[in-house]
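J.: Mapping the sequence shown onto numbering that gives the first Met the number 0, position 8 (from 1) lands on 7, and the numbers just tick up by one.
There's a structure below that I have some questions on.
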Amino acid sequence: MATTKQKKVERLVQKELGTIFQRKDPKSFRGRMITVTVVRISPDLQIVKAYLSIFPSKDKEEVLQLIRESTSEIRYELGNKIRNQVKKIPELNFFIDDSLDYIDNIDRLLNED
Numbered sequence: 000m001a002t003t004k005q006k007k008v009e010r011l012v013q014k015e016l017g018t019i020f021q022r023k024d025p026k027s028f029r030g031r032m033i034t035v036t037v038v039r040i041s042p043d044l045q046i047v048k049a050y051l052s053i054f055p056s057k058d059k060e061e062v063l064q065l066i067r068e069s070t071s072e073i074r075y076e077l078g079n080k081i082r083n084q085v086k087k088i089p090e091l092n093f094f095i096d097d098s099l100d101y102i103d104n105i106d107r108l109l110n111e112d
């Protein structure tokens, strides 16, 4: 169960990562809209798992690879924003949040006649 400190840092990282992805050059991620849906942080506040929703979802694995290749740049930008709130900037791990695709699939199945 996450502590209050973990929850606070998770919310902070989610907000700042969202801002970073919003301000990035659209061409760097092939014009995709990237939303940070969930952030989980380890109990020692050293490792972040960020789940991303990529729209449109076509070629999302390739976009995720581009994001992973620019992780150090994203971490640097994150560090500039949160350095006064945390002692050490956590390592970032990005994953695809496919819950929207799952919901769309369920919806499609329910609407079939």
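Here a beta-carbon is modelled for each residue, glycine too, at the ideal position from N, C-alpha and C.
The structure presented is a predicted model; accordingly, all values stated were derived computationally and were not measured.
Per the contact definition of three or more C-beta pairs closer than 8 angstroms, is the segment 21-33 in contact with the segment 81-89?
T.: Segments in contact, no.
J.: Which one of Asp-24, Ser-41 and Phe-20 has the shortest CA to CA distance from Thr-3?
T.: Within the sequence shown, the letter at position 4 stands for residue 3. Ranking Asp-24, Ser-41 and Phe-20 by Cα distance to Thr-3 puts Ser-41 first.
J.: Quick check on Leu-91: does DSSP put it in helix, strand or coil?
T.: The residue you call residue 91 lines up with position 92 of the sequence shown. Three-state result, Leu-91: strand.
J.: How is Lys-23 classed by DSSP in three states: helix, strand or coil?
T.: The sequence position of residue 23 within the sequence shown is 24, counting from 1. Looking at Lys-23 - three-state DSSP - the assignment turns out to be coil, as it is neither helix nor strand.
J.: Tell me the residue span of the beta strand (DSSP E) that contains Arg-39.
T.: Residue mapping note: residue 39 aligns to position 40 of the sequence shown, counting from 1. Per DSSP, Arg-39 belongs to the beta strand (DSSP E) from 32-40.
J.: Using a 10 Å radius around the Cβ and a threshold of 16 neighbouring Cβ atoms, would you call Phe-93 buried or exposed?
T.: Numbered from 1 along the sequence shown, position 94 holds the residue referred to as residue 93. Answer is buried; the Cβ neighbour count reaches 16.
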